[in-house]
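The sequence shown begins at 3 in our numbering and counts up one residue at a time. Where a beta carbon is used, it is the ideal one built from N, C-alpha and C, also for glycine. Just so you know, these numbers come straight off a predicted model, no measurement behind them.
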Amino acid sequence: MGAAYDHDSPPLLEDLKVTIHNSSMIFPSKEIERKSLFLSNIDKVLTFDVETVHFFGANKDFPPHVVTERLKNAVEDALVVYDFLGGRLKVNPETKRLEMDCTPEGAGFVEASSEYKLEQIGDLDYPNTAFAQLVHKNKNFLKEGDVPLCVAQVTSFKCGGFAIGFSTSHTTFDGLSFKTFLDNIASIAAKKPLAVTPCHDRHLLAARSPPRVTFPHPEMLKLNDLPTKSNIFDASTEQLQFKVFKLTSNDITKLKEEARNSVGGDKTTRVTGFNAITAHIWRCKALSSDDDDSNRNRSSTILYAVDIRSRLEPPLPKSYTGNAVLTAYATATCREVEEWPFMRLVETVREGATRMTNEYARSIIDWGEMNEGFPNGEVLVSSWWRLGFEEVEYPWGKPKYCCPVVYHRKDIVLLFPPVDGGGDGVSIIVALPPKEMNKFDGLFNKFLGV
């Protein structure tokens, strides 16, 4: 049965005792053409870094020092295939647009070690902020003012296991294209042909000329409105409590059945696991935010990412490198979230994704040509559940677990596959102030019938 998971025993390590032995810049293994790479209106607002950690058990044929050398060589070759990755972000002085300057300035590479064994650092799927020690910051790497688009770090553990940490600018990849990048890194390291030949043509997501905003976009917030509303990507200054809520495949089936059996449901209606989970998170988050019943008329909006590659006309290549994900939304008052049958919440979530047609996606992209802004909602569900990072087959084996480094963002809920594989289950990482967390926890289990 689904339940919140509190990590009480053993306690989390707050310091992994990581020592950095070498930090260097690595360069493309072959000469690349110097050029500027256009960034789409989706890319250009994602100027923060995404930090992921990939944990591996000991492999006698691939001790950490061998992995380090193989990975370094693979990244050097990848900087040829992904010629923008060794470059830097710059503003075009003529167009005033953010671009990637494809130059051989290089990517960062860090070699480090921890004084612990891998099994001593605790449950890998618990959001330990100490995992930040396994990833190196891009900003001011080696020299003041230099910000590489990619930094890789290999950290060895006393047991022979190791972690590979990547910090990449979100302008470079979305989740799907980063998975392709990892597949290609694995292939290069194994001295095999590329798994996928990437498509770098980001003009495929350029705005129309002239831009045509053909829909209202309440899911977007103009930059000049931000003083009164915070950006959902901003770190929170509040004290936050982290919890992992785990749903088994049986729990997810139960949520689907709840939807089908509720008023307006139908036993033949197709309910996806993602829509049921997102609707469940929505009702818990909306109803945990306020103490005052008068706030039940407050509007609650949940955001979630939709891959638009197959929704465009013509479709984008599956190998498209860059950000091809837009934010869908579902909105209702808190009273409606509380009173509606669960099927209606699930349908409202489904409608948000269905809304994302070719014309709607192009309208959002054109909105970004005319406005500076960000997604606007109460909570964003970011799903790493089915990206498949843990399925990447490196020469030294598949990862034991992969996760992003978790920071203080109370408005972002993360979905992950369980650390043990867990079948079709999912781990849900939530960060909230303690009082809200208590309410969220109670609602999460109440609605599941726990």
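Starting from residue i, trace the alpha helix (DSSP H) both ways and give me its first and last residue.
{"i": "serine 365", "result": "360-372"}
{"i": "histidine 282", "result": "275-290"}
{"i": "aspartate 103", "result": "Counting along the chain, aspartate 103 falls outside any alpha helix (DSSP H), though it belongs to the beta strand (DSSP E) covering 100-104."}
{"i": "phenylalanine 344", "result": "344-356"}
{"i": "valine 339", "result": "336-341"}
{"i": "lysine 256", "result": "251-263"}
If residue i and residue j are in contact, beta carbons under 8 Å, what's the gap, nearest whole angstrom?
{"i": "serine 179", "j": "lysine 139", "result": "Contact flag wrong, Cβ pair sits at about 22 Å."}
{"i": "methionine 223", "j": "glycine 108", "result": "Residue identity differs from the one stated: residue 223 is leucine in this sequence, not methionine. Between glycine 108 and leucine 223 the Cβ distance is about 36 Å, and since that is not below 8 Å, they are no contact."}
{"i": "isoleucine 44", "j": "isoleucine 367", "result": "7 Å"}
{"i": "proline 129", "j": "valine 408", "result": "4 Å"}
{"i": "aspartate 253", "j": "leucine 450", "result": "6 Å"}
{"i": "glutamate 78", "j": "isoleucine 28", "result": "5 Å"}
{"i": "serine 384", "j": "leucine 416", "result": "5 Å"}
{"i": "valine 432", "j": "lysine 245", "result": "5 Å"}
Please say whether residue j and residue i have beta carbons closer to each other than 8 Å?
{"i": "glycine 177", "j": "tryptophan 386", "result": "yes"}
{"i": "glutamate 380", "j": "aspartate 426", "result": "no"}
{"i": "threonine 359", "j": "arginine 313", "result": "yes"}
{"i": "leucine 206", "j": "tyrosine 306", "result": "no"}
{"i": "cysteine 104", "j": "serine 42", "result": "no"}
{"i": "phenylalanine 143", "j": "serine 290", "result": "no"}
{"i": "alanine 191", "j": "alanine 76", "result": "yes"}
{"i": "glutamate 113", "j": "threonine 70", "result": "yes"}
{"i": "proline 65", "j": "glycine 124", "result": "no"}
{"i": "valine 308", "j": "leucine 328", "result": "yes"}
{"i": "arginine 72", "j": "proline 397", "result": "yes"}
{"i": "lysine 181", "j": "glycine 324", "result": "no"}
{"i": "leucine 172", "j": "phenylalanine 40", "result": "At residue 172 the sequence reads histidine, which differs from the leucine that was named. For histidine 172 and phenylalanine 40, no; Cβs fall outside 8 Å."}
{"i": "serine 264", "j": "proline 317", "result": "no"}
{"i": "proline 406", "j": "glutamine 241", "result": "no"}
{"i": "alanine 487", "j": "phenylalanine 111", "result": "In the structure as shown, the chain begins at 3 and stops at 452. Residue 487 is therefore absent and cannot be evaluated."}
{"i": "phenylalanine 57", "j": "leucine 18", "result": "no"}
{"i": "isoleucine 304", "j": "alanine 332", "result": "yes"}
{"i": "isoleucine 430", "j": "phenylalanine 247", "result": "yes"}
{"i": "valine 82", "j": "asparagine 186", "result": "no"}
{"i": "valine 339", "j": "arginine 285", "result": "yes"}
{"i": "glutamate 174", "j": "cysteine 152", "result": "Per the sequence shown, the amino acid found at residue 174 is threonine instead of glutamate. Contact: yes."}
{"i": "lysine 402", "j": "glycine 59", "result": "yes"}
Tell me where the beta strand (DSSP E) around residue i begins and ends.
{"i": "lysine 181", "result": "Note, lysine 181: premise wrong, no beta strand (DSSP E); alpha helix (DSSP H) at 177-191."}
{"i": "cysteine 405", "result": "403-406"}
{"i": "proline 436", "result": "First-last for proline 436: 436-450, but that is the alpha helix (DSSP H), not the beta strand (DSSP E)."}
{"i": "isoleucine 166", "result": "164-171"}
{"i": "glutamate 113", "result": "109-116"}
{"i": "aspartate 309", "result": "301-309"}
{"i": "valine 156", "result": "152-158"}
{"i": "leucine 136", "result": "Looking at the DSSP string, leucine 136 is not in any beta strand (DSSP E), and its letter there is neither H nor E."}
{"i": "lysine 385", "result": "Here the sequence assigns serine to residue 385, which means lysine is not the residue at that position. Run containing serine 385: 381-385, per the beta strand (DSSP E) assignment."}
{"i": "phenylalanine 143", "result": "Looking at the DSSP string, phenylalanine 143 is not in any beta strand (DSSP E), and its letter there is neither H nor E."}
{"i": "glycine 375", "result": "375-377"}
{"i": "valine 421", "result": "No beta strand (DSSP E) contains valine 421, which DSSP labels as neither H nor E."}
{"i": "leucine 223", "result": "222-224"}
- Query: What are the uninterrupted segments assigned as alpha helix (DSSP H) that are 4 or more residues long and contained completely in the segment 18-94, given in chain order?
  - Reply: Counting only runs of 4 or more, we get 66-83.
- Assess, as a yes-or-no matter, whether the segment 83-103 is touched by the segment 127-142 under the definition of 3 or more beta carbon pairs within less than 8 Å. no
- Task: For the segment 276-285 and the segment 331-348, state whether three or more C-beta atom pairs, one from each stretch, are separated by less than 8 Å.
- Result: yes
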